[in-house]
Amino acid sequence: MNKKVYKVFNEQVQAELYSAYMYLAMSLDMEAKNYKGMAKWLYLQYEEEREHALRFVKFMQDCGVQPQLLQIDMPAADYGTPLNLFKKVLEHEKYVTSRIYDMYEVALKEKDYAAQSCLKWFIDEQVEEEANVLNIVSHLRKAGDCAILFMDAKLGERES
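For the record, in the sequence shown the residue sitting at position 138 is 137 according to numbering that gives the first Met the number 0, with numbers rising by one throughout.
Quick look at the structure:
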């Protein structure tokens with residue numbers, strides 16, 4: 000793994016761990032506001048982001064390089080209403096998608112075919128992530144205040 004590819008992969012480990020940390024903070028916020036279903040959904044998202052970070056770590060190790068853990072910024076503690084929170088989630092997932100695309104461009108330029116293969120999974124994953132969150136934001140916008148409780152219950156049904 001050359002230095003440019005190493006750098007973007009290592010930084011993505013940090014970004015994925017930040018995402019996990021942010022989702023945990025969001026889960027705690029929704030739990031404190033008694034939106035148990037949303038808190039559960041966000042907690043499962045936290046676990047998924049940790050898995051993404053570890054997937055990058057494992058890939059780097061398989062390529063014979065040692066990931067270096069970088070500092071993770073502290074996320075916000077209060078995200079406002081459920082709609083505002085999920086709009087923030089959508090914005091964040093779009094940001095992650097742009098990072099993955101940028102990483103892919105580096106892998107292409109550096110002719111790192113293994114990195115390209117690894118990133119293909121993440122590209123597909125981001126399409127799913129954005130679609131899921133866009134659906135939640137759309138439903139919350141349509142729902143209004145009364146139906147937010149319905150959405151909370153629905154999101155609480157997520158298994159993994």
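Backbone N, C-alpha and C define an ideal beta-carbon position, used for all residues, glycine too.
(message) Under DSSP, the alpha helix (DSSP H) around Met177 begins and ends at which residues?
(response) This structure cannot settle anything about residue 177, because the visible part of the chain is limited to 0 through 159.
(message) Distance check for Leu53 and Lys93, CA to CA, integer angstroms please.
(response) 21 Å
(message) I need the DSSP call for Asp61, collapsed to helix, strand or coil.
(response) helix
(request) Would you tell me roughly how many angstroms separate the C-alpha atoms of Ala142 and Tyr20, rounded to the nearest one? (result) 28 Å
(request) Could you say if the stretch 77-85 and the stretch 122-142 meet the contact criterion of at least three C-beta pairs nearer than 8 Å? (result) yes
(message) Is the beta carbon of Val105 closer than 8 Å to that of Pro66?
(response) no
(message) If you measure between the beta carbons of Leu41 and Tyr22, is that distance less than 8 Å?
(response) yes
(message) Just verifying my parser: in three-state terms, what is the DSSP assignment at Gly79?
(response) coil
(message) Using 8 Å for Cβ pairs, my map puts Lys39 next to Arg140. What's the rounded Cβ distance?
(response) 21 Å between Cβ atoms; not a contact.
(request) Give the C-beta separation of Asp212 and Asp77 to the nearest angstrom, bearing in mind that I take them to be a contact with Cβ-Cβ under 8 Å. (result) Residue numbering for the chain in the displayed model covers 0 to 159; residue 212 lies beyond these limits and cannot be assessed.
(request) Within 10 angstroms of the Cβ of Gly36, are there 16 or more other Cβ atoms? Answer buried if so, exposed if not. (result) buried
(request) Check whether the Cβ atoms of Leu118 and Ile99 sit closer than 8 Å, and answer yes or no. (result) yes
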